[in-house]
Amino acid sequence: MRSSGSVQRPETKSRARALQLLYAWELSGRPSIGAVVARVAVIYGRAPLGYDRGADLAAKAVAGLPEFDRRIADAAEHWRLERVGAVERNILRLALAELDEAATPSRVVIDEAVKLAHWFAGARAPAFVNGVLDAIAHETGAL
């Protein structure tokens, strides 16, 4: 996963950390998210991230995975979920977990997801992420 640009706001840092945890979780064969959080904490020499907002968001994305993947597949016209890149797929899962919390305005969640796509994914990813999340938000009445 590459990153360009700096991550400034604490909320944005938490979302970026959650994305990194989800990406590591998926590429590690989907062990428990707690195991991934602990492994990342050891690698970076930090205390376990169990109470960190990023770890919390990643755990919520994993817990809601079947429903989130169904919603993504329904909204991503002409795209099978397995064809969506791992980074983009996990950005979408993360955003859906946050949208389901309803603590942050939908537009902010979508804008932050698009920002993550700019930083961590390919050139076409931001438009794809925006389109899928916009469709889901309109369908659910969040926008």
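If you read the sequence shown in this note's numbering, its first letter stands for residue 3, the second for the next number, and so on. From the three backbone atoms N, C-alpha and C, an ideal C-beta is built for every residue, glycine too.
Worksheet entry | For G124, three-class secondary structure by DSSP | Locating residue 124 in the sequence shown gives position 122, counting from the first residue. Note: G124 maps to coil in three-state DSSP.
Fill in: Supposed close pair A123, E84 - CB separation, criterion 8 Å
If you number the sequence shown from 1, residue 123 lands on position 121. If you number the sequence shown from 1, residue 84 lands on position 82. Contact annotation, A123 with E84: C-beta distance approximately 16 Å; criterion of less than 8 Å not satisfied.
Worksheet item: In whole angstroms, what separates the C-alpha of L29 from that of A115?
Response: In the sequence shown, the residue the question calls residue 29 occupies position 27. In the sequence shown, the residue the question calls residue 115 occupies position 113. A direct Cα-Cα distance of roughly 20 Å separates L29 from A115.
Discussion item. Can you tell me whether E100 is helix, strand or coil according to DSSP?
Written reply: Numbered from 1 along the sequence shown, position 98 holds the residue referred to as residue 100. E100: helix per DSSP, three-state reduction.
Worksheet item: Do you know whose CA, among P107, T14, R11 and L23, lies nearest N92's CA?
Response: Within the sequence shown, residue 92 is the residue found at index 90, counting from 1. The option with the nearest alpha carbon to N92 is L23.
Discussion item. Here's the rule: buried if 16 or more other CB atoms are within 10 angstroms of the residue's CB, otherwise exposed. What is D54?
Written reply: As a first step, residue 54 is located in the sequence shown; it is residue number 52 there, counting from the start. Counting every other CB atom within 10 Å of its CB across the protein chains shown gives D54 a total of 16 or more, marking it as buried.
Discussion item. So, at 8 Å on beta carbons, what are the nonlocal neighbours of G152 in its own chain, with the 5 sequence-adjacent residues on each side left out?
Written reply: Coverage of the chain is limited to positions 3 through 145, which leaves residue 152 absent and any answer about it impossible.
Item to complete: Return the first residue and the last residue of the alpha helix (DSSP H) that A37 is part of.
Response: Translated into positions along the sequence shown, residue 37 becomes position 35. Element bounds for A37: I35 to I45.
Worksheet item: Where does G143 sit, in a helix, a strand or coil, going by DSSP?
Response: Here residue 143 refers to the residue found at position 141 of the sequence shown. For G143, the three-state secondary structure derived from DSSP is coil.
Item to complete: May I ask you to report which of helix, strand or coil DSSP gives E13?
Response: Walking along the sequence shown from the start, residue 13 turns up at place 11. Three-state result, E13: helix.
Worksheet item: Exposed or buried, which one is P107 when buried takes at least 16 other CB atoms within 10 Å?
Response: Here residue 107 is taken as the residue at index 105 of the sequence shown, counted from 1. Burial is judged here by how many other beta carbons sit within 10 angstroms of a residue's own beta carbon; P107 has fewer than 16 and is exposed.
Fill in: For Y53, three-class secondary structure by DSSP
Taking the sequence shown and counting its residues from 1, the one referred to as residue 53 is at position 51. Low per-residue confidence applies at Y53: pLDDT is 49, beneath 50, and the placement is therefore not dependable, though the value from the model is reported in the following sentence. Note: Y53 maps to coil in three-state DSSP.
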